[in-house]
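Notes follow the structure.
Residue numbers (my numbering): 185 to 379.
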């Protein structure tokens, strides 16, 4: 459990990026050079995490996990440069939802999911309970022009539920990649439906 907590601390660190961005004045839509800087920063941080982490010796899939973690938020940012809130919410769902599911599921989860005995109901519920409010908050704060809380909440909840479902499925696909992709699809689809 201690190793898992340490790994999840690393999992939570990228959530600082959207928080810092709130205090840096940036154009909307993001110009190409802002996107290039964002891609450069995320790529550098990902490579540093892969290279310097002590966990790569423990888990040989570490490189794929780190790259998968960065893929969905970056893809959303590049595809929707006028909607940076999509990428921020996707990252928050991935960071906080996955960490809550792993830690709470291991600590208190007793009843396994019928379709995946390696996952628990407690973990799945905690995924949504942790991810949705935080993703709604960052979505609301990043959106320009400001969006109603109801839109931010709907996008965050749909993204978190989609990601929790993807995380609960038994799959050989890297969980950071599939959870991030599901979160991104949920956030974007909910926003398009809302608008």
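Idealized CB from N, CA, C, for every residue including glycine. A quick note: this is a predicted structure, and the numbers were derived from the prediction, not measured.
Reference residue i; option with closest CA among the options
{"i": "residue 378", "options": "337, 279, 363 and 245", "result": "337"}
{"i": "residue 202", "options": "341, 325 and 253", "result": "325"}
{"i": "residue 277", "options": "211, 349, 245 and 330", "result": "349"}
{"i": "residue 284", "options": "329, 344, 374 and 297", "result": "344"}
{"i": "residue 262", "options": "302, 310 and 213", "result": "213"}
{"i": "residue 299", "options": "341, 227, 352 and 248", "result": "352"}
{"i": "residue 354", "options": "332, 367, 296 and 376", "result": "296"}
{"i": "residue 226", "options": "374, 252, 264 and 245", "result": "252"}
{"i": "residue 267", "options": "328, 369 and 288", "result": "328"}
{"i": "residue 210", "options": "333, 197, 360 and 269", "result": "269"}
Simplified DSSP state of residue i, which is helix, strand or coil
{"i": "residue 348", "result": "helix"}
{"i": "residue 301", "result": "strand"}
{"i": "residue 296", "result": "strand"}
{"i": "residue 282", "result": "helix"}
{"i": "residue 379", "result": "coil"}
{"i": "residue 209", "result": "coil"}
{"i": "residue 353", "result": "coil"}
{"i": "residue 215", "result": "coil"}
{"i": "residue 193", "result": "helix"}
{"i": "residue 312", "result": "helix"}
{"i": "residue 290", "result": "helix"}
{"i": "residue 360", "result": "helix"}
{"i": "residue 237", "result": "coil"}
{"i": "residue 331", "result": "coil"}
Residue span of the alpha helix (DSSP H) that contains residue i, given as start and end
{"i": "residue 269", "result": "268–276"}
{"i": "residue 262", "result": "246–263"}
Inter-residue spacing [alpha-carbon to alpha-carbon] between residue i and residue j
{"i": "residue 272", "j": "residue 199", "result": "8 Å"}
{"i": "residue 317", "j": "residue 224", "result": "29 Å"}
{"i": "residue 304", "j": "residue 219", "result": "38 Å"}
{"i": "residue 280", "j": "residue 357", "result": "20 Å"}
{"i": "residue 205", "j": "residue 322", "result": "10 Å"}
{"i": "residue 301", "j": "residue 371", "result": "28 Å"}
{"i": "residue 234", "j": "residue 228", "result": "10 Å"}
{"i": "residue 230", "j": "residue 274", "result": "17 Å"}
{"i": "residue 289", "j": "residue 309", "result": "9 Å"}
{"i": "residue 249", "j": "residue 365", "result": "13 Å"}
{"i": "residue 265", "j": "residue 257", "result": "11 Å"}
{"i": "residue 207", "j": "residue 222", "result": "15 Å"}
{"i": "residue 193", "j": "residue 315", "result": "15 Å"}
{"i": "residue 342", "j": "residue 313", "result": "12 Å"}
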